[in-house]
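Colleague: One structure coming up, written as structure tokens, with questions to follow.
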Amino acid sequence: MKVLILTEKPFAAEAVKSIREVIEASGMEPVILEKYTEKAQALDAVKEVEAIIIRSDTVDAEWLDAAKKLKIVVRAGAGYDNVDLDAATARKVVVMNTPGQNSNAVAELALGLMVYAARNFYDGSSGTELLGKKLGIHAYGNVGRNVARIAKGFGMEIYAYDAYCPAEAMEKDGVRPLASVEELYATCQYVSVHIPATDETKNSINYALLSKMPKKAVLINTARKEVINETELAKWMDERSDVKYLTDILPKNHEEMLEKFPKRYFSTPKKMGAQTAEANNNAGIAAANQIVDYLLNGNTKFQVNL
Ligand code: 3PG
17 MKVLILTEKP FAAEAVKSIR EVIEASGMEP VILEKYTEKA QALDAVKEVE
67 AIIIRSDTVD AEWLDAAKKL KIVVRAGAGY DNVDLDAATA RKVVVMNTPG
117 QNSNAVAELA LGLMVYAARN FYDGSSGTEL LGKKLGIHAY GNVGRNVARI
167 AKGFGMEIYA YDAYCPAEAM EKDGVRPLAS VEELYATCQY VSVHIPATDE
217 TKNSINYALL SKMPKKAVLI NTARKEVINE TELAKWMDER SDVKYLTDIL
267 PKNHEEMLEK FPKRYFSTPK KMGAQTAEAN NNAGIAAANQ IVDYLLNGNT
317 KFQVNL
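Each residue of the sequence shown is one higher than the last, beginning at 17 in the working numbering.
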């Protein structure tokens, strides 16, 4: 059986080596397509394989129709909003993710962006410190928990809101649970976003919510651009010269934001939260092991479609 590693944004070379080893040790054959630029290349590569490892690569019905032998696709990472789950289910293709495997890398970047904001984008002017500042963690999942762990070291006062996480789990970590998302944004100078992009969350971070943020507010987004109402974000930043937005996901209105708010807006050129050797290794090896365990033993742990 063939397992394709299909990554427009490639893993670190050492991670690819480890993934190959796991696949080969199981008696399967690894096939690699990295840094592809056209969808046609992906459509061609998926034809002859039973399993595929992807990252943020888009998986739609056309892609699944081309993959005639496909049994399983594993998203090496957390968010699977890039996969058409209904189309996969209709074609009896199992979809999995590898939760938690890259979350420390994303959390480290979130804190790095906070420091970058506090120090005025390292422009030489006198900045501020994170010590004693209020941090709001918007969703207390794997990344949120790592953000809390690291922010504790900075001496921040940590709050979180997560409708699906019990308050006790936050309190155990020394994090103060808040009852609503509005309260989180109203309380915290720094807010770090860690919600997935779903029908419920898309555009949910809007003008009304942002307007609640205190003076010198800093919004950090290492999650998804879809969860932000980008037009309303620009309006908020237009009206509030004290606020900053730093993101790991290039917004649609990037040029406009850069032009209007050069000292208060920053985006990485390409999502790089999970782009570390360690995270690539963890997520890639987990994906390969999950594929082997499913194809050889039928283990469906981590399946996200039914
Ligand atoms: C994730 O959902 O795991 C992260 O956003 C990382 O995505 P990437 O694999 O495209 O870097």
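From the three backbone atoms N, C-alpha and C, an ideal C-beta is built for every residue, glycine too.
Leaving out five residues on either side along the sequence, give the residues of the same chain with a beta carbon under 8 Å from the beta carbon of residue 172.
Modeller: 146, 147, 148, 149, 150, 151 and 206.
Colleague: At the level of alpha carbons, what is the spacing between residue 136 and residue 270?
Modeller: Their Cα atoms are separated by approximately 19 Å.
Colleague: How about residue 280 and residue 260: are their beta carbons less than 8 Å apart?
Modeller: Yes. Within cutoff.
Colleague: Report the partner residues of residue 45 according to the DSSP bridge assignment.
Modeller: Residue 45 is bridged to 18.
Colleague: What are the residues that DSSP puts in a beta bridge with residue 91?
Modeller: Residue 91 is bridged to 70 and 113.
Colleague: Taking 7 Å as the cut-off, is the beta-carbon of residue 25 closer than that to any non-hydrogen atom of ligand 1?
Modeller: For ligand 1, at least one heavy atom lies less than 7 Å from the Cβ of residue 25.
Colleague: Looking at the structure shown, is residue 176 part of a helix, part of a strand, or coil, going by DSSP?
Modeller: Strand.
Colleague: For residue 65 and residue 155, what's the separation of their Cα atoms in angstroms?
Modeller: Approximately 36 Å between the Cα atoms of the pair.
Colleague: Check the C-beta distance from residue 236 over to residue 130 and give it rounded, since I have them as a contact under 8 Å.
Modeller: 6 Å between Cβ atoms; contact.
Colleague: Could you say which of 98, 62, 72 and 90 lies nearest to residue 83 if we only look at CA atoms?
Modeller: Nearest option by C-alpha distance: 62.
Colleague: Apply the 10 Å Cβ neighbour rule to residue 208 and answer buried if 16 or more other Cβ atoms are within range, or exposed otherwise.
Modeller: Residue 208 should be labelled buried.
Colleague: Report the residue from 78, 288 and 46 whose alpha carbon sits nearest the alpha carbon of residue 58.
Modeller: Comparing Cα positions, the closest option is 78.
Colleague: Check whether the Cβ of residue 72 sits closer than 7 Å to any heavy atom of ligand 1, and report yes or no.
Modeller: Checking the Cβ of residue 72 against ligand 1 gives yes.
Colleague: Grab the span of the beta strand (DSSP E) containing residue 260 for me, first residue to last.
Modeller: 260-263 is the span of the beta strand (DSSP E), which, as asked, contains residue 260.
Colleague: Using DSSP with H/G/I as helix, E/B as strand and the rest coil, what is residue 137?
Modeller: If DSSP states are grouped into helix, strand and coil, residue 137 belongs with the helices.
Colleague: With DSSP as the reference, identify every bridge partner of residue 206, one or two as the case may be.
Modeller: Per DSSP, 151 and 234.
Colleague: Smallest Cα separation from residue 175: which of 166, 42 and 190?
Modeller: Minimum Cα distance to residue 175 is reached at 190.
Colleague: Using a threshold of 7 Å, is the CB atom of residue 168 nearer than that to any non-hydrogen atom of ligand 1?
Modeller: Not under cutoff, so the answer is no.
Colleague: Closest by CA to residue 86, which one among 36, 133 and 20?
Modeller: The residue with the shortest Cα to Cα distance from residue 86 is 20.
Colleague: Distance, Cα to Cα, residue 46 vs residue 158?
Modeller: So the alpha carbons of these two residues sit roughly 29 Å apart.
Colleague: So does the region 35-43 actually touch the region 305-313, counting three or more Cβ pairs closer than 8 Å?
Modeller: Counting Cβ pairs under 8 Å, three or more are found: they touch.
Colleague: Rounding to the nearest angstrom, what Cα-Cα distance links residue 68 and residue 88 in this structure?
Modeller: Near 7 Å, if we compare the C-alpha coordinates of residue 88 and residue 68.
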